[in-house]
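Enquirer: Once you've had a glance at the structure underneath, I'll fire off some questions.
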Amino acid sequence: MGDTSRPSSRREIGRRFSLASDSYRRWALPQRAAARRLVELFGKFVGGSSVLEAGAGVGLLSELLEPLVGRLFVCDLVKEVLEKNPAARARRAFVCNMENLPLKDRSVDWTASSFALHWSDYRRSLAEFARVSKKGFFAAVPVEGSLEGLGFPFPSAGEILELVRPTLWRLEEVDVPFRGREFLLFFKKTGTGYNPTPALSAFEILKDPSKVRFYGFKVLYFLKEL
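One point on numbering: in my numbering, the residue at position 88 of the sequence shown is 88, and numbering is uninterrupted.
Okay, here's the thing in structure tokens:
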């Protein structure tokens, strides 16, 4: 989110995810729910196919895709996080920036991503998804309206839809089931607290929780056939 194309931003995002690699699975309940919903919506398209998951992290989506697909490859910006992905054990994992995938054109059938595109220059990343895929790509992306009141610069659903012109899409809400100090811990324990445009301090959130107008994510799920 924000200008993540800057090396300093990428390093800070990577540092936070690295520090949270051991606690991510326990705390990333909204991310887990979004990954599950993404597979519910579009898993039927990828049976037996080769799939690249970009921004795969510790593997919340990977572990759902692996039983469905023919072969799963995963990549992420952060080595320490990727080492905890189940696909890493099969040596099908590699470290890279999803804005510049080290793959030939049409290398895999599908590319997938869940709760990762907004940490990148999503326009460049989506162009890469289209380049390396034969059949298409699908993703879950938190968009504007998520965590309303905190000032996170989530991408616009309208802009993504205009850019991708997806075959199928849905916009749904995913709850963040934490309040008070646990709500603040959620960002630390998942490494997702990087915000270049904060609107509220931790003190303000604890003093008046109603200033966070929406404790959840607006998630855009989409699939694009090529």
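Note that CB positions come from ideal geometry on N, CA and C, so glycine has one too.
#1: Go through the stretch 32-76 residue by residue and report every complete run of the alpha helix (DSSP H) that reaches 4 residues or more, in order.
#2: Leaving out the 5 sequence neighbours to the left and right, which residues in its chain are closer than 7 Å to VAL81 when beta-carbon positions are compared?
#3: Name the DSSP bridge partner or partners of PRO142?
#4: Does the distance from the C-beta atom of ALA88 to that of LEU60 stay below 8 Å?
#5: Is DSSP giving SER107 helix, strand or coil here?
#6: Work out the CA separation of LEU72 and PRO86 for me, nearest whole Å.
#7: I need the straight-line Cα distance from GLU204 to GLY216, nearest angstrom please.
#8: Kindly indicate which three-state DSSP category PHE94 falls into: helix, strand or coil?
#9: To the nearest angstrom, report how far apart LEU103 and SER210 are at their CA atoms.
#10: Could you tell me which of LEU220, GLY14, PHE187 and GLU40 sits nearest to VAL95, measuring between CA atoms?
#11: Measuring CB atoms only, is the stretch 125-133 touching the stretch 29-43, in the sense that at least three cross pairs come out at less than 8 Å?
#12: With C-beta atoms as the reference, is LEU171 less than 8 Å away from LYS218?
Expert: The relevant details are as follows:
#1: Assignment of alpha helix (DSSP H) within the stretch 32-76, counting only whole runs of 4 or more residues, yields 62-65 in chain order.
#2: PHE17, SER18, SER21, GLY57 and VAL58
#3: VAL219
#4: no
#5: coil
#6: Rounded to whole angstroms, PRO86 to LEU72 spans 10 Å at the Cα level.
#7: 18 Å
#8: strand
#9: 46 Å
#10: GLY14
#11: no
#12: yes
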